[in-house]
Amino acid sequence: MDFEFFNETELEQMHRATVEILTKIGISTLSDRLKGLLLDNGCKEQGGRILFTEEVIEKALKTVPSNFNLYGRNGCELVIEMGKQKAYAQTCVGAPSVIDLETEEKRDATLKDLEDFAKLADALENIHLISPVFPRDVPQEIIVTSETAATLRYSSKPQRICAESSHELPYIIEVLAAAAGGMEALRQRPIAYIEVSTISPLNSGFHPAEALIDIVEAGIPLGIVPCPMMGATGPVTLAGCVAQHNAEILSSVVASQLLKPGAPVVMSPRVTFMDMKTGLGLWAMPEQGLAAAASAQLAKYYNIPSTVTGYSGAAKVADIQSGYEHLYNALLPALIGTDIIAAAGSLDNCLISCYAMLVIDDELSSVIRHTIAGCEVSEDTLAIDVIEEIVKTNEAFLGHKHTRKHLRAGAFWKPPIGDRSTYDSWAVNKMKLEDKARQKAKELLATHEVVPLSPEADAEIDEILKKALKESTNN
Amino acid sequence: MSQELLKNVLEAVVDGDVEAVTEFTEKAVAAGVKPLEILNEGLVKGIEVVGERFAEGDYFLPDLILGAKAMDAGISVIEPLLTSEKRDFLGKVMIGTVEGDLHDIGKNIVIMMLKSNGFEVFDLGVDVPSKVFVDKVKELKPQIVGISALLTTTVNKQKEIIELLQEEGLRDQVKVIIGGAPINQAWADKIGADGYGEDALSAVALCKNLLGIK
Numbered sequence: 001m002d003f004e005f006f007n008e009t010e011l012e013q014m015h016r017a018t019v020e021i022l023t024k025i026g027i028s029t030l031s032d033r034l035k036g037l038l039l040d041n042g043c044k045e046q047g048g049r050i051l052f053t054e055e056v057i058e059k060a061l062k063t064v065p066s067n068f069n070l071y072g073r074n075g076c077e078l079v080i081e082m083g084k085q086k087a088y089a090q091t092c093v094g095a096p097s098v099i100d101l102e103t104e105e106k107r108d109a110t111l112k113d114l115e116d117f118a119k120l121a122d123a124l125e126n127i128h129l130i131s132p133v134f135p136r137d138v139p140q141e142i143i144v145t146s147e148t149a150a151t152l153r154y155s156s157k158p159q160r161i162c163a164e165s166s167h168e169l170p171y172i173i174e175v176l177a178a179a180a181g182g183m184e185a186l187r188q189r190p191i192a193y194i195e196v197s198t199i200s201p202l203n204s205g206f207h208p209a210e211a212l213i214d215i216v217e218a219g220i221p222l223g224i225v226p227c228p229m230m231g232a233t234g235p236v237t238l239a240g241c242v243a244q245h246n247a248e249i250l251s252s253v254v255a256s257q258l259l260k261p262g263a264p265v266v267m268s269p270r271v272t273f274m275d276m277k278t279g280l281g282l283w284a285m286p287e288q289g290l291a292a293a294a295s296a297q298l299a300k301y302y303n304i305p306s307t308v309t310g311y312s313g314a315a316k317v318a319d320i321q322s323g324y325e326h327l328y329n330a331l332l333p334a335l336i337g338t339d340i341i342a343a344a345g346s347l348d349n350c351l352i353s354c355y356a357m358l359v360i361d362d363e364l365s366s367v368i369r370h371t372i373a374g375c376e377v378s379e380d381t382l383a384i385d386v387i388e389e390i391v392k393t394n395e396a397f398l399g400h401k402h403t404r405k406h407l408r409a410g411a412f413w414k415p416p417i418g419d420r421s422t423y424d425s426w427a428v429n430k431m432k433l434e435d436k437a438r439q440k441a442k443e444l445l446a447t448h449e450v451v452p453l454s455p456e457a458d459a460e461i462d463e464i465l466k467k468a469l470k471e472s473t474n475n
Numbered sequence: 476m477s478q479e480l481l482k483n484v485l486e487a488v489v490d491g492d493v494e495a496v497t498e499f500t501e502k503a504v505a506a507g508v509k510p511l512e513i514l515n516e517g518l519v520k521g522i523e524v525v526g527e528r529f530a531e532g533d534y535f536l537p538d539l540i541l542g543a544k545a546m547d548a549g550i551s552v553i554e555p556l557l558t559s560e561k562r563d564f565l566g567k568v569m570i571g572t573v574e575g576d577l578h579d580i581g582k583n584i585v586i587m588m589l590k591s592n593g594f595e596v597f598d599l600g601v602d603v604p605s606k607v608f609v610d611k612v613k614e615l616k617p618q619i620v621g622i623s624a625l626l627t628t629t630v631n632k633q634k635e636i637i638e639l640l641q642e643e644g645l646r647d648q649v650k651v652i653i654g655g656a657p658i659n660q661a662w663a664d665k666i667g668a669d670g671y672g673e674d675a676l677s678a679v680a681l682c683k684n685l686l687g688i689k
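As given, the protein sequences belong to chains S and C, one line each in that order. Read left to right, the first sequence gives residues 1 to 475 (the working numbering). Read left to right, the second sequence gives residues 476 to 689 (the working numbering).
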């Protein structure tokens, strides 16, 4: 399959605009380490901003790996092949609220929810990477460390971590190393990638910049995930906002390569937009999906792995709106080509995580991955001899071995929960998709067993958490 | 002549045209129109029209912000002349983004909304240490302090600031309102804030409500 959002001339224009933004406007940062790194390598300081040069950008882009792998911890066979544009699904990060599975009401997210979402995602075949909800009932001083530890305990699948502050990073990396079997094992087979969210427009701040350096130095794959809003923290026009955003991401890509040529890095564009009546940040369709498709094509142009947010929308409950929003926003960038599609299970512009929606997104992920796998065109699939044989013998294709063979090989997509029964058999229970999703979530949470961490790793993580809490509250 | 100039000022505010507001305000001053009349009959009336059109669904946030900027441009022309005639504000609000957080778009919209609705607003900026919030409460004596936080790792600073205000014996002298994407009423209740708004528009009603203004 081969789709494009920009034609060749437009793509070149987008790249030129990106370079112009980086060389003329540049970035700001409060981190002396990042500033020093960039200036020592040929960038220039002007009026408090750091301006890149074309040479620096070109040189750095040459050393970015076009692919690398992520792995599950013990008990997980999954290998995430970054760079092959397989559209893996990842759960939503940081939702402060959840829709309660029993009451179906919105409430604050807790540690138990983090554990349950991780467990449910662990059980769902088409959800591949886990990011945590935002629990209020853990020590806030070490929140990301606690989230990482809890996610590791309740899922063996690879993780995506957002390092919102830099002070926790050493602990987060220690926890990951404990689960991976040591620091060297973690570098060889990373069980997570860690993202930094620089600030739009074109500001690397302090914490994101410091975390960026620490992540690259630790040898863990780095993701860069600024989040401009069209019309508020970026231009209202899609081309302008995508260009600014691309420059923001590339500035950090360049920094990673100046620090350590060949360091694995992921471009994670998140162009959102603002509701011009209320000021709400929208992660809705169609703008989000279009911008994600546009940005994913730019990452492809640079041959750098990418992630987007696709399983998102403005709907407040798992319903028809959330279904079409998520399908639209995820399918568009998937058709262009991206590695990971984020925010599975989200509602309300990524501010709510919903168990039923996660089960529905598992279904969408399944059909999206089936779609982008494309269609093999060969002598066998064209089946001219089969057609000839059937026509001449006046038989039906139904009874041909060719039909059976390809059916067994997955010729038709099978919906994990979508209804395809006859009307009368459906009418026995008259269940809507949302009801079936809730039912499946409850069943999986009751029956799924997560492969536990080794007792040694579990004990080690406990010690790290204790140490982190002690050191963080002393400061 | 003066009526015509006041109309020009009003319309320029409605258009959100900074240059035109400045030009017509200067012309009105030169023509001898009283500064307070320019303020009330031109600038404030203009921003009221902007507010009405927003309420009716014809105007959007960029219109509001451009309108407020245009009004501000006119005020800066007449402010030096208003020495004896003080502006009447609905109330004094101080607002900032907590330490460790550089996000300010939501805070800035709230500021514009409050200003264009007649509040005096002091902007502390972003990455503001908790102690600075408290020191500024002492110095500026606002009736309301607004605390903004976007990151899940920084929302706890809202709690810290309220605790510090308590320790310094200032808590009963100022109303505390909070905002930010991960914030909700339950969090506001938990940390003892006086109010929370789920978007920038609700901030105006919230502040009026807290100060007993109808």
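Every residue, glycine too, gets a C-beta built ideally from N, C-alpha and C.
About 6 Å separates the Cβ atoms of S/V266 and S/P221, confirming a contact at the 8 Å cut-off.
For S/E248, the enclosing alpha helix (DSSP H) stretches over residues L238 to L259. Cβ-Cβ separation between S/T18 and S/Q257: approximately 16 Å, too far for a contact (criterion under 8 Å). Within chain C, no residue has its CB atom less than 7 Å from the CB of S/V317, the nearest being about 17 Å off. A contact is defined here as three or more CB-CB pairs under 8 Å, and the region 217–233 of chain S meets this definition with respect to the region 177–196 of chain S. Three or more beta-carbon pairs drawn from the region 587–596 of chain C and the region 543–555 of chain C are found closer than 8 Å, and the two stretches are therefore classed as touching.
DSSP places C/K606 in the uninterrupted alpha helix (DSSP H) bounded by S605 to L615. CA-to-CA, the gap between S/L332 and S/L445 works out to about 31 Å.
The three-state reading of DSSP puts S/C354 in strand, counting E and B together. Of the candidates C/T627, C/L639, C/T629 and C/K632, the residue whose Cα lies closest to the Cα of C/V609 is C/L639. The three-state secondary structure of S/R160, taken from DSSP, is strand. Under DSSP, S/G279 takes part in no beta bridge, so it has no partner. Distance from the CA atom of S/E164 to the CA atom of C/P657, rounded to whole angstroms, is 14 Å. Close CB contacts of S/D348 within its chain, under the 6 Å cut and outside five residues either way in sequence, are with K316 (chain order).
Using a CB distance cut-off of 8 Å, C/A661 counts as an interface residue toward chain S. Assignment of beta-bridge partners to S/S306 by DSSP yields S/M267. In the three-state reduction of the DSSP assignment, S/A396 falls in the coil class.
Its Cα nearest to that of S/D458, the residue S/A177 stands out among S/A177, S/M1 and S/H15.
In terms of beta-carbon proximity, C/L577 lines the interface with chain S, with at least one pair separated by less than 8 Å.
Contacts with chain S (Cβ-Cβ distance below 9 Å) from the region 617–635 of chain C involve L626, T627, T628, T629, V630, N631 and K634, listed in chain order. Take the alpha-carbon of S/N246 and the one of S/K24: they are about 15 Å apart.
Using a Cβ-Cβ distance cut-off of 8 Å, the region 321–329 of chain S and the region 82–100 of chain S are not in contact, since fewer than three pairs of beta carbons, one from each stretch, lie closer than that value. Nearest C-alpha to S/E104 among S/Q321, S/W283, S/I352 and S/F397: S/I352. In chain order, G575 make up the part of chain C whose C-beta sits under 7 Å from the C-beta of S/H207. Taking 4 residues as the minimum length, the alpha helix (DSSP H) runs contained wholly in the region 516–576 of chain C are 520–531 and 536–553, in order along the chain. Taking the beta carbon of C/I688 as reference, no residue of chain S falls within 9 Å; the closest one sits roughly 22 Å away.
Using beta-carbon distances, S/M229 counts as an interface residue toward chain C, with a partner under 8 Å. DSSP places S/V79 in the strand class (E or B) of the three-state scheme. By the beta-carbon neighbour count (other beta carbons within 10 angstroms, threshold 16), S/M285 is buried.
With a threshold of 8 Å between beta carbons, C/F535 makes contact with chain S. DSSP lists S/I194 and S/V265 as the beta-bridge partner residues of S/L222. Across the structure, C/V651 and C/V620 are spaced so that their CA atoms are roughly 5 Å apart. Secondary structure of S/R189 (DSSP, three-state): coil.
Identification of chain S residues near C/G581 by a Cβ-Cβ cut-off of 7 Å yields G279, ordered along the chain. At least one C-beta of chain C is nearer than 8 Å to the C-beta of S/L351. Look at S/D108 here: in three-state DSSP terms it is strand.
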